[in-house]
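Protein chains in written order, with the working numbering: chain R, 1 to 120; chain C, 121 to 240. All C-beta atoms, glycine included, are put in the ideal place defined by N, C-alpha and C. All values reported here derive from a predicted model rather than from experimental measurement.
Protein chains: 2
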Amino acid sequence: MLCLMTLLPVLPSAAGACCSPVTGGVLEDEQAEALARTFKALGDPNRVKLLSIIAAADDQEACVCDLTEPVGLTQPTVSHHMKLLVDAGLVAREQRGRWAYFSIVPGALDALAGALTSRP
Amino acid sequence: MLCLMTLLPVLPSAAGACCSPVTGGVLEDEQAEALARTFKALGDPNRVKLLSIIAAADDQEACVCDLTEPVGLTQPTVSHHMKLLVDAGLVAREQRGRWAYFSIVPGALDALAGALTSRP
DNA sequence: GCGACATATCGACGATCGTCAATGTAATTG
DNA sequence: CAATTACATTGACGATCGTCGATATGTCGC
């Protein structure tokens with residue numbers, strides 16, 4: 001699902017508009033917006049780096065205190081970026097005691113990759 | 121290459137810095153910036169839609185005049201978005217007579233997908 | 001309850017983005 | 001050459017973004 005290459009009944013206007021181009025167009029817009037939202041979350045080098053640091057951690061998770069120093073950003077800024085990644089559905093946040101542990105949502109990146117690859 | 125999950129010799133500071141953390145860190149930054157640049161190009165719903173329209177075209181290419189109406193944007197705005205997609209290496213531009221034909225760079229999306237998927 | 005700590009939120013700042021109207025450029029047709 | 005067509009570039013505008021310092025929230029140990 002959400003495959004860029006095979007997804008689209010686009011350009012219904014050139015085909016005679018037999019099947020409610022309005023509805024089709026709206027659905028299309030929602031999918032495009034959903035994809036763009038996720039990509040936008042990855043559109044910052046520090047967020048990509050944060051994601052990679054979590055992925056490279058031995059226990060596959062990290063707290064903010066582990067993340068600030070590698071990216072060279074302030075704690076509020078890292079918190080902000082992590083919130084964006086969480087809101088995008090790419091990262092999960094789990095509070096354990098005083099610390100908030102962030103981990104990559106299983107399958108999230110693969111699902112996004114699936115939206116990019118053609119399906120032969 | 122450029123795989124998010126297996127890419128990273130991150131956090132060399134915690135490991136004792138045996139292998140030039142400066143060089144490794146700089147390389148890391150460049151890769152993160154390169155990935156973020158590409159993702160940023162996909163971070164707008166209209167650009168995602170433009171890409172999908174091109175991919176869905178029967179001849180796998182489209183000119184600006186074919187793109188303006190489906191996305192509901194002005195011609196200069198579409199030209200602007202197409203330039204961003206071309207600069208990101210996702211779309212190729214070929215001038216044929218008066219028209220500029222845009223097509224998806226073969227393998228570009230799959231390469232990006234490869235940067236997202238883990239490689240077991 | 002009271003500090004100490006980890007994180008989130010707020011407010012503000014310059015910077016970048018998306019969009020358009022107007023104009024410029026290049027190629028084709030008459 | 002002049003007019004037309006397809007597209008790119010410019011300049012401007014509000015909107016969003018990334019970043020920070022300051023502050024608030026929440027959690028633990030005493």
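8 Å Cβ cutoff, E181 (chain C) in contact with chain R: Against the second sequence, residue 181 (chain C) aligns to sequence position 61. So, not an interface residue.
Whole runs of the alpha helix (DSSP H) within the region 175–202 of chain C, excluding any shorter than 4 residues: 184–191
Closer than 8 Å to chain R by CB, T197 (chain C): As a first step, residue 197 (chain C) must be located in the second sequence, where it is residue number 77. It does not; no Cβ of chain R falls within 8 Å.
P165 (chain C) beta carbon less than 8 Å from that of A36 (chain R): As a working note, residue 36 (chain R) is residue 36 in the first sequence. As a working note, residue 165 (chain C) is residue 45 in the second sequence. It is a contact, given that the beta carbons lie within the stated cut-off.
Chain R contact for D207 (chain C) (CB, 8 Å cutoff): As a working mapping, residue 207 (chain C) is identified with position 87 in the second sequence. With 8 Å as the cut-off, D207 (chain C) does not count as an interface residue toward chain R.
Spatial distance of A88 (chain R) from G217 (chain C) (CA atoms): In the first sequence, the residue the question calls residue 88 (chain R) occupies position 88. In the second sequence, the residue the question calls residue 217 (chain C) occupies position 97. A88 (chain R) and G217 (chain C): Cα-Cα distance of roughly 43 Å.
N- and C-terminal bounds of the alpha helix (DSSP H) containing R216 (chain C): What you label residue 216 (chain C) is simply residue 96 of the second sequence in a count that begins at 1. No alpha helix (DSSP H) holds R216 (chain C); the beta strand (DSSP E) holding it covers 211–216.
Any chain C beta carbon closer than 8 Å to S103 (chain R): By one-based count along the first sequence, residue 103 (chain R) stands at place 103. Under the 8 Å criterion on CB atoms, S103 (chain R) is classed as non-interfacial with respect to chain C.
Exposure of P70 (chain R), with buried meaning 16 or more beta-carbon neighbours within 10 Å: Translated into positions along the first sequence, residue 70 (chain R) becomes position 70. Buried, by the Cβ-count rule.
Neighbour flag for G203 (chain C) against chain R, beta carbons, 8 Å: As a working mapping, residue 203 (chain C) is identified with position 83 in the second sequence. Residue identity check: residue 203 (chain C) is Lys in the sequence provided, not Gly. So no, K203 (chain C) is outside the interface.
Nearest-angstrom Cα separation, counted from D230 (chain C) out to A34 (chain R): As a first step, residue 34 (chain R) is located in the first sequence; it is residue number 34 there, counting from the start. As a first step, residue 230 (chain C) is located in the second sequence; it is residue number 110 there, counting from the start. Spanning the two alpha carbons is a distance of roughly 19 Å.
Limits of the unbroken alpha helix (DSSP H) element including F113 (chain R): Translated into the one-based positions of the first sequence, residue 113 (chain R) becomes position 113. Note that residue 113 (chain R) is Ala in the sequence shown, not Phe. Looking at the DSSP string, the run of the alpha helix (DSSP H) that includes A113 (chain R) is 108–114.
Residue closest to A32 (chain R), alpha-carbon to alpha-carbon, out of C:A152, C:V168, C:D149: Reading the first sequence from its first residue, position 32 is the one you call residue 32 (chain R). Of C:A152, C:V168, C:D149, the residue nearest in Cα terms is C:V168.
For A100 (chain R): DSSP bridge partner residues: For the purposes of this step, residue 100 (chain R) is taken as the residue at position 100 of the first sequence. Its beta-bridge partners are R:Q95.
Simplified DSSP assignment, three categories, for V86 (chain R): Along the first sequence, read from residue 1 onward, the residue named residue 86 (chain R) stands at position 86. Helix, per DSSP.
Spatially closest choice to D59 (chain R) from R:L90, R:A115, R:I104, R:C65, by CA coordinates: On the first sequence, position 59 is the one that residue 59 (chain R) refers to. Of R:L90, R:A115, R:I104, R:C65, the residue nearest in Cα terms is R:I104.
Where D149 (chain C) sits in the DSSP three-state scheme: Taking the first residue of the second sequence as 1, we reach residue 149 (chain C) at position 29. Three-state result, D149 (chain C): helix.
Three-state secondary structure (DSSP) of V121 (chain R): The structure shown does not extend to residue 121 (chain R), since chain R is modelled only from 1 through 120, so no value can be given for it.
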